[in-house]
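Heads up, the thing below is written out as structure tokens.
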Amino acid sequence: MIYEPHMTLSEARELYFRLSNFGKDGGYDERWIKVKVWRIPIWIPNTAGRVKAVKLHDLHHVLTEYPTTWRGEAEISAWEIGAGGLHSYYAGWLLDLMSVAQGLVVNPKGVYRGFMRGRRSLNLFATEFNDEMLHSRVGEYRLRLKLDDPPAPANAGDHAAFVFWIVISALTYVVVVMMPFLPLLLLGLWILWR
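With the numbering used here applied, the sequence shown covers 186 to 379.
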């Protein structure tokens with residue numbers, strides 16, 4: 186275990202930032218962040234909505250021990266969706282759905298396992314981040330989120346939910362990837378129907 190139960194969330198998050206090369210504050214104050222898509226660096230705006238979601242997402246990395254690799258991001262995204270979703274964290278929804286769709290290509294078994302683990306646990310997205318959380322122990326939050334509970338077999342409802350979210354993830358991915366081409370598509374349709 187990297188993040189020991191006796192550590193405070195603050196200590197564990199600092200270690201997580203250091204191990205992930207995210208800087209002292211995790212990059213929360215940066216205007217733009219770099220993500221790699223198929224090894225191609227892409228800069229995206231670090232919106233207030235994204236920062237709000239990522240503060241909890243980073244704690245999830247500490248609590249679940251999923252790594253910040255492509256495979257790990259796919260697993261934690263599936264876990265977050267399976268563990269109740271992201272509530273009103275809309276930027277987080279978009280990022281998680283995109284990550285799950287990519288995970289179906291690079292880590293399909295991990296996406297399935299992460300989602301099913303989520304179905305047996307809770308996540309932090311029902312709350313808002315506050316600095317008081319950081320004084321709590323990692324072990325305390327793992328218990329609260331039922332992360333220490335033994336895994337239970339998946340049932341038909343779990344499988345149906347998994348298929349539903351896979352379809353939503355794939356559709357979200359297609360729509361987002363196609364958005365830059367929408368003006369060309371509309372122009373083509375306008376020319377055809379003139």
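Using N, Cα and C, we set each Cβ at its ideal position, and we do this for glycine too.
Where the beta strand (DSSP E) containing residue i begins and where it ends
| i | result |
| --- | --- |
| Ile-266 | Per DSSP, Ile-266 belongs to no beta strand (DSSP E); it is in the alpha helix (DSSP H), 255-267. |
| Pro-293 | Taken as a continuous stretch (DSSP letters only), Pro-293 belongs to no beta strand (DSSP E), being part of the alpha helix (DSSP H) at 293-304. |
| Ile-218 | 217-222 |
| Pro-226 | 225-230 |
Reduced DSSP secondary structure (H/G/I, E/B, other) of residue i
| i | result |
| --- | --- |
| Pro-252 | coil |
| Gly-212 | coil |
| Ser-284 | helix |
Continuous alpha helix (DSSP H) stretch holding residue i: start and end
| i | result |
| --- | --- |
| Trp-375 | 367-378 |
| Ile-351 | 341-363 |
| Ser-195 | 194-204 |
| Tyr-326 | 323-329 |
Residue i and residue j closer than 8 Å at C-beta
| i | j | result |
| --- | --- | --- |
| Ala-341 | Arg-304 | no |
| Gly-188 | Glu-250 | Per the sequence presented here, residue 188 reads as Tyr, with Gly not at that position. Against a cut-off of 8 Å, the Cβ pair of Glu-250 and Tyr-188 comes out as a contact. |
| Leu-204 | Val-323 | no |
| Gly-299 | Ala-337 | no |
| Leu-271 | Thr-357 | no |
| Leu-248 | Leu-319 | no |
Outcome for residue i when other beta-carbon atoms lying within 10 angstroms are tallied against a minimum of 16
| i | result |
| --- | --- |
| Ile-261 | buried |
| Ala-286 | buried |
| Asp-243 | buried |
| Tyr-275 | exposed |
| Asn-292 | buried |
| Ser-273 | exposed |
| Ala-268 | buried |
| Asn-308 | buried |
| Leu-374 | exposed |
| Leu-372 | exposed |
When the options are compared against residue i, the one with the closest alpha-carbon
| i | options | result |
| --- | --- | --- |
| Ile-266 | Trp-255, Asp-281, Thr-253, Asn-315 | Asp-281 |
| Glu-313 | Ile-229, Gly-234, Ala-339, Tyr-201 | Gly-234 |
| Met-301 | His-344, Gly-277, Leu-328 | His-344 |
| Pro-230 | Asp-214, Lys-209, Ile-218, Val-361 | Ile-218 |
| Glu-215 | Ala-355, Trp-228, Arg-379, Trp-378 | Trp-228 |
| Arg-327 | His-320, His-245, Leu-372 | His-245 |
Heavy atom of the ligand FMN within 7 Å of residue i beta-carbon
| i | result |
| --- | --- |
| Ala-238 | What this structure holds is no ligand at all, so the ligand FMN is not there to describe. |
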